[in-house]
Amino acid sequence: MTILWSGLALGAVYVLVAIGYNIVFVSSNTFNFAQAQLMMVGTFVAYTGLVTLKLPVLVVAVMATVTVMILAAVEELVAIRPVADHQNQLVTTLGAATLLNGATQLIWGSEPLTVPFFGSNDPITILGGRTYPVEIALLVLSIVLVIGLGQLSKRTMTGLALMGVSEDREAAMLRGVNVRRIAMGAFAFSGALAGVLGLFVGPKTFAVATLGAALALKGFVALAIGGFGSLPGALIGGLTVGLVESFTALWAGSQYSNIAVFTVLIVILMVKPAGLFGTVKERVV
Numbered sequence: 132m133t134i135l136w137s138g139l140a141l142g143a144v145y146v147l148v149a150i151g152y153n154i155v156f157v158s159s160n161t162f163n164f165a166q167a168q169l170m171m172v173g174t175f176v177a178y179t180g181l182v183t184l185k186l187p188v189l190v191v192a193v194m195a196t197v198t199v200m201i202l203a204a205v206e207e208l209v210a211i212r213p214v215a216d217h218q219n220q221l222v223t224t225l226g227a228a229t230l231l232n233g234a235t236q237l238i239w240g241s242e243p244l245t246v247p248f249f250g251s252n253d254p255i256t257i258l259g260g261r262t263y264p265v266e267i268a269l270l271v272l273s274i275v276l277v278i279g280l281g282q283l284s285k286r287t288m289t290g291l292a293l294m295g296v297s298e299d300r301e302a303a304m305l306r307g308v309n310v311r312r313i314a315m316g317a318f319a320f321s322g323a324l325a326g327v328l329g330l331f332v333g334p335k336t337f338a339v340a341t342l343g344a345a346l347a348l349k350g351f352v353a354l355a356i357g358g359f360g361s362l363p364g365a366l367i368g369g370l371t372v373g374l375v376e377s378f379t380a381l382w383a384g385s386q387y388s389n390i391a392v393f394t395v396l397i398v399i400l401m402v403k404p405a406g407l408f409g410t411v412k413e414r415v416v
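This note's numbering numbers the first residue of the sequence shown as 132 and each following residue consecutively.
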């Protein structure tokens with residue numbers, strides 16, 4: 132059971148990255164390759180606030196949220212808004228990711244930094260398996276966010292506008308939806324979310340300059356398995372990746388984890404090309 136809890140916690144981290152991907156994808160119909168790097172910055176800000184400056188947790192949470200939210204908004208202004216073609220936007224967001232990778236390494240160095248968890252660090256036993264409070268927190272957060280964001284998308288005007296843009300961007304514009312504002316809001320919100328989640332992800336993964344690249348790949352796989360634009364798909368996809376990775380490392384060795392993960396991805400996409408919960412959009416022209 133210990134490996135099960137570890138796999139679920141690791142998968143929850145991938146879920147959180149995939150949620151950020153989904154928010155931007157739904158609003159802009161593009162893929163933000165820098166989302167994982169934004170979360171990485173959140174872990175570094177958490178380390179700086181908690182360890183270097185020794186600030187209260189709430190202050191650090193606000194600091195991380197605002198810092199990463201501003202970075203995400205700047206990315207939208209610089210890497211998305213001036214670029215019309217979605218394929219070119221993939222390149223510009225990849226450039227933003229590379230820039231953040233280099234900047235974090237210059238500022239904080241290349242050594243892994245331990246981010247303390249503001250809760251208890253004592254192991255607990257659940258259903259015969261040992262886990263840690265931060266791992267349970269990650270799992271609970273991923274589930275709560277999927278449910279909460281799903282409800283917001285159905286019950287609020289902003290959420291309905293976001294879904295309208297996702298379904299038909301031109302029709303949403305004709306109905307008076309400010310598409311640019313929706314895109315900026317989605318980027319800023321995904322950045323704010325990545326920032327505050329750094330306080331939870333950092334204690335699990337450490338704050339290290341290579342974190343963004345590792346999370347970006349697995350978060351993308353989680354999204355592809357679950358289906359682009361689907362929050363439940365992000366949850367199932369992320370947890371699947373985490374469990375496959377953990378159990379493969381236990382049974383066959385960590386060197387085979389990526390092979391197993393991509394094998395599962397290929398099999399699922401062969402059966403359901405749009406992912407487990409994804410849908411193929413058809414449009415009459």
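All C-beta atoms, glycine included, are put in the ideal place defined by N, C-alpha and C.
Contacts around residue i, its chain only, beta-carbon distance under 7 Å, and the 5 residues preceding and following it disregarded
{"i": "Phe156", "result": "Phe162, Phe359, Gly360"}
{"i": "Ala380", "result": "Ser388"}
{"i": "Val308", "result": "Ala292, Gly295, Val296"}
Collapsed DSSP secondary structure at residue i in the structure displayed
{"i": "Ala338", "result": "strand"}
{"i": "Leu244", "result": "strand"}
{"i": "Ser361", "result": "coil"}
{"i": "Ile349", "result": "For clarity, residue 349 is Lys in the given sequence; the question names Ile instead. Reduced to three states, the DSSP call for Lys349 is helix."}
{"i": "Ala405", "result": "coil"}
{"i": "Ser251", "result": "coil"}
{"i": "Ala184", "result": "Reading the sequence as shown, one finds Leu at residue 184 and not Ala. Three-state DSSP puts Leu184 in coil, outside helix and strand."}
{"i": "Thr224", "result": "helix"}
{"i": "Val308", "result": "coil"}
First through last residue of the alpha helix (DSSP H) which encompasses residue i
{"i": "Thr262", "result": "Run containing Thr262: none in the alpha helix (DSSP H); it sits in the beta strand (DSSP E), 260 to 262."}
{"i": "Thr133", "result": "133 to 159"}
{"i": "Thr256", "result": "It is not in any alpha helix (DSSP H) - Thr256 instead sits in the beta strand (DSSP E) that spans 255 to 257."}
{"i": "Gln168", "result": "166 to 178"}
{"i": "Glu301", "result": "300 to 305"}
{"i": "Asn389", "result": "388 to 402"}
{"i": "Ala383", "result": "No alpha helix (DSSP H) holds Ala383; DSSP gives it neither H nor E."}
{"i": "Leu202", "result": "188 to 206"}
Start-to-end residues for the beta strand (DSSP E) that takes in residue i
{"i": "Ile211", "result": "Where Ile211 is concerned, there is no enclosing beta strand (DSSP E), given that its DSSP letter is neither H nor E."}
Own chain residues within Cβ distance below 8 Å of residue i, not counting five before or after
{"i": "Val415", "result": "Because Val415 sits at a pLDDT of 46, beneath the cut-off of 50, its placement in the model cannot be relied upon, and the following sentence gives the value as read from the coordinates. None."}
{"i": "Ala177", "result": "Val191, Ala195, Val246, Gly329, Leu330, Gly333, Ala338"}
{"i": "Val310", "result": "Val296, Arg300, Ala303, Met304"}
{"i": "Val197", "result": "Ala323, Gly326"}
Residue i classed as buried or exposed, judged by whether at least 16 other C-beta atoms fall within 10 angstroms
{"i": "Leu237", "result": "exposed"}
{"i": "Leu293", "result": "buried"}
{"i": "Gly240", "result": "exposed"}
{"i": "Asn232", "result": "buried"}
{"i": "Ser385", "result": "exposed"}
{"i": "Lys349", "result": "buried"}
{"i": "Ser159", "result": "buried"}
{"i": "Met132", "result": "exposed"}
{"i": "Gln218", "result": "exposed"}
{"i": "Val275", "result": "exposed"}
{"i": "Gly173", "result": "buried"}
{"i": "Ala383", "result": "exposed"}
{"i": "Thr171", "result": "The question names Thr, but residue 171 is Met in the sequence shown. That one is buried."}
{"i": "Met288", "result": "exposed"}
{"i": "Ile150", "result": "buried"}
{"i": "Ser251", "result": "exposed"}
{"i": "Gly409", "result": "buried"}
Beta-carbon contacts of residue i that lie in its chain and below 6 Å, excluding the five residues immediately before and after
{"i": "Ala347", "result": "Ala167"}
{"i": "Val395", "result": "Val375"}
{"i": "Asp253", "result": "none"}
{"i": "Ala228", "result": "Phe164, Ala165, Gln168"}
{"i": "Ala449", "result": "Nothing can be reported for residue 449: it is not among the residues displayed for the chain, which extend from 132 to 416."}
Interface flag, residue i vs chain B, CB-CB below 7 Å
{"i": "Ala192", "result": "Looking at the structure shown, chain B is missing, and only one protein chain is on hand."}
| said: Tell me whether the segment 174 to 182 and the segment 310 to 322 touch, counting them as touching only if at least three CB pairs, one residue from each stretch, are closer than 8 Å. | reply: No, the segment 174 to 182 does not touch the segment 310 to 322.
| Counting Cβ pairs closer than 8 Å, one from the segment 338 to 356 and one from the segment 208 to 218, do we hit at least three? | Too few Cβ pairs lie closer than 8 Å, so no.
| For the 8 Å Cβ check, are there 3 or more pairs between the segment 267 to 286 and the segment 132 to 151? | Flag = yes, the segment 267 to 286 and the segment 132 to 151 touch.
| request: Inspect the CB distances between the segment 259 to 268 and the segment 361 to 379 and report whether three or more fall short of 8 Å. | output: These segments do not touch.
| said: Does the segment 316 to 332 come into contact with the segment 148 to 155, if we say contact requires no fewer than three beta-carbon pairs (one atom in each stretch) closer than 8 Å? | reply: These segments touch.
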